[in-house]
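Numbering-wise, the sequence shown is residues -21 to -1, 1 to 212 according to mature numbering (1 follows the signal peptide of the UniProt record, and there is no 0).
C-beta atoms are modelled at their ideal positions from N, C-alpha and C, and glycine is treated no differently.
Please read all numbers here as calculations on a predicted model, not as lab measurements.
Written out below as structure tokens is the structure these notes cover.
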Amino acid sequence: MHFSTCTFLPLFSTVIQLASAHFTVEYPYWRGSSFAPTASQWIFPCANVSETTDINNRTAWSHEGGSLRLHAGHHWALTYVNLGIGTNVSAFNISLVDHFNQTGNGTFCLKETGKANLAAGLAAAGLDASSAEGLEASLQIIQISTTGAALYNCADIKFSATAALLADDQCTNSTAVGGVGILNADATAAQSPSGTATGGAAATSTGAAANLAYSSAGGVVAAAVLGAGMMIL
């Protein structure tokens, strides 16, 4: 039986588009490739990639909120960054950065991730900077784009007071990549997540999307109403 080459081209193109529309976690280093044959970014909670069992494979991360660098494949994606304390994490119940719209394809970086929310989450667990030293934990990054399907990736970390943030030249957004916070339309404060819409060094994230600093050429991103009760700022 003869198959025309053109029969396979649309399918091949679709596969390439699906792969490019996913995202990778470049820092802290993800626990394993979610593009492996046994993995899938559509599988909750960590793309079917097992947590690392070797503490030496965990990235040292500041207990005041370390850096996070993604390579995004969507034009936009609602993005969440969660944390679970301990090993064999099944509940990522500390929301470091909550529902912001990450925009643009390429590198997106948060210099200091969810500082205020991390401090509150550690305190709720009876921990402080001293008792968190050396503690193992895992980050869960979720992106939801145009299809409405959630994509998952995880990275395993170890809290360390000596863990450095990424240098500015390592934490720079690609051109036209950034992020905007999603707030209630009646919110009194108008702040947005870290990142620059035209590229450049990422700013500091102090907590949820509503609490993240954002600058674009020294200004603030214009607001747009997205239906009842929701606004992007």
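- CA-CA distance, Ser117 to Ala164, rounds to 33 Å.
- In the three-state reduction of the DSSP assignment, Leu145 falls in the coil class.
- Using a C-beta cut-off of 8 Å, the region 13 to 23 makes no contact with the region 143 to 159, since fewer than three inter-stretch Cβ pairs fall below that distance.
- Counting C-beta pairs closer than 8 Å gives three or more between the region 97 to 112 and the region 34 to 46, which meets the contact rule.
- Residue ranges of uninterrupted beta strand (DSSP E) with 3 or more members, entirely inside the region 57 to 132 and ordered along the chain, are 73 to 82, 85 to 89 and 115 to 123.
- Residue environment for Gly65: exposed (fewer than 16 other C-beta atoms within 10 angstroms of its C-beta).
- Its chain contains Glu115 and Lys137 as the residues whose beta carbon lies nearer than 8 Å to that of Ile34, once the 5 sequence neighbours on both sides are disregarded; these appear in chain order.
- Straight across, the Cα-Cα distance linking Phe14 with Lys94 is about 30 Å.
- Counting along the chain, Thr38 sits inside the beta strand (DSSP E) bounded by residues Thr38 to Trp40.
- In the three-state scheme derived from DSSP, where H, G and I count as helix and E and B as strand, Asn152 is classed as strand.
- Less than 9 Å divides the Cβ of Phe87 from the Cβ of Ala51.
- The secondary-structure analysis by DSSP pairs Gly160 across a beta bridge with Phe79.
- Ser124 counts as buried, since no fewer than 16 other beta carbons sit within 10 angstroms of its beta carbon.
- Counting other Cβ atoms within 10 Å of its Cβ, Ser29 stays below 16 and is therefore classed as exposed.
- According to the DSSP assignment, Glu30 belongs to no beta strand (DSSP E), since it is labelled neither H nor E.
- Taking a 10 Å sphere around the C-beta of Asp77, we find 16 or more other C-beta atoms and assign the residue as buried.
- Under the 10 Å beta carbon count, Asn36 is surrounded by fewer than 16 other beta carbons and is classified as exposed.
- Taking the C-beta atoms as reference points, Gly85 is found no nearer than 9 Å to Ala134.
- Residue range Thr3 to Tyr6 is occupied by the beta strand (DSSP E) that includes Glu5.
- Ile34 sits in a helix when the DSSP states are folded into three classes.
- Classified as exposed, Ser12 has fewer than 16 neighbouring CB atoms from the shown chains inside 10 Å of its CB.
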